[in-house]
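Peer 1:
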Amino acid sequence: RRQLTHLLLSIIATGPVPRHIAFEMDGNRRYARSLGKEGKQGHGDGFRTLLRVLELCLRLRIHSVTVYAFAIDNFNRPKEEVDALMEMAETRLVEIAEKGHLLDRYGVRLNVLGKRSLLPPKVQVAIEKAEYMTRHNNAAVLNVCAPYSSKHEITTAVESAVREALENRDLDGSTITEGTIEAQLSTSLVGSPPLDVFVRTSGVKRLSSFLTWQCNENTQIHMVDTYWPDFGLRDFIPVLLQYQCKVWREQGASRSM
Ligand SMILES: CC(C)=CCC/C(C)=C/CC/C(C)=C/COP(=O)(O)OP(=O)(O)O
């Protein structure tokens, strides 16, 4: 099986791969319940899948991977579930940043994006530590959005663009453009390129305030039925092949022009 994975990845890697891909990791609780477990237990399986899928992306040399780990709205979930996710953020992110672990092995810089002040202080400290440990890694980027919402991200970006305009004495804001706002989005600030592919799992067909600005005219959007913990190569290969077909089609079109 490992050999088959290796073979498939090396075939796909001969063609174009996305530079930036996002995963809305949905369906953890339904996955757990389908196995007769408590819903919140699905998040541990979800984290393992995140590591597995991230490694596939890194082997394909995808530069930026952005995942939705916690929505600002998720604070409304039962306390035990929120606590379990906070503990995962506190312990597991530092762990994967350590020497010899995934982020170190592949040279991945970790960024946690979102309204960090909402996190418990000890989680904020752990996140700062994990980011600091990976600050010199420059082969790839992992953006973990938590606690995040696009509305919050865009509002913050507009605020920053306005502040910058005022500092430049542009008092009527006439230099505020799509470009100046986009430059202040959290994914831009960490150097991720435009979003090529967006994947949401579990059959739900909504964006749910995840990367709504970043889903641009060129972003391929995939809503796959698999619950996130079950997401694997079987689901990923069609996504990658459709991306390659799109790039090849565009190249063909520009050659015939
Ligand atoms: C700290 C860190 C990086 C964690 C990664 C773990 C992980 C996959 C978190 C996602 C949490 C979440 C709210 C998933 C959505 O499924 P859901 O709970 O809404 O499931 P449902 O749609 O079946 O109810």
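For the sequence shown, the numbering used here begins at 24 and goes up steadily by one. Using N, Cα and C, we set each Cβ at its ideal position, and we do this for glycine too.
1) Answer with buried or exposed for T157, where buried requires no fewer than 16 other C-beta atoms within 10 angstroms of its C-beta.
2) Is the CB-CB distance between L218 and H43 below 7 Å?
3) Please list the segments of the beta strand (DSSP E) lying wholly inside the segment 73-153, counting only runs of 3 or more residues, in order along the chain.
4) Put F46 into one of helix, strand or coil per three-state DSSP.
5) Measure the alpha-carbon distance for P261 versus V90 and round it to whole angstroms.
6) Give the DSSP-derived three-state secondary structure of N166 in the structure shown.
7) Which runs of the beta strand (DSSP E) at least 3 residues long sit entirely within the segment 202-265? Give them in chain order.
8) If we ignore side chains and look at the alpha-carbon of each, how far apart do E187 and A45 end up?
9) Based on Cα-Cα distance, which residue from T114, I199 and N239 lies nearest to K145?
10) Please identify the residue among L230, N239, P39 and F221 whose C-alpha is closest to the C-alpha of V88.
11) Is the beta carbon of A180 closer than 7 Å to that of Q207?
12) Taking Cβ to Cβ, would you say R52 is nearer than 7 Å to G59?
13) So, is A276 buried or exposed, given that buried needs 16 or more other C-beta atoms within 10 angstroms?
Peer 2: Straight from the coordinates:
1) buried
2) yes
3) 87-91 and 131-136
4) strand
5) 19 Å
6) strand
7) 220-223 and 243-246
8) 29 Å
9) T114
10) F221
11) yes
12) no
13) exposed
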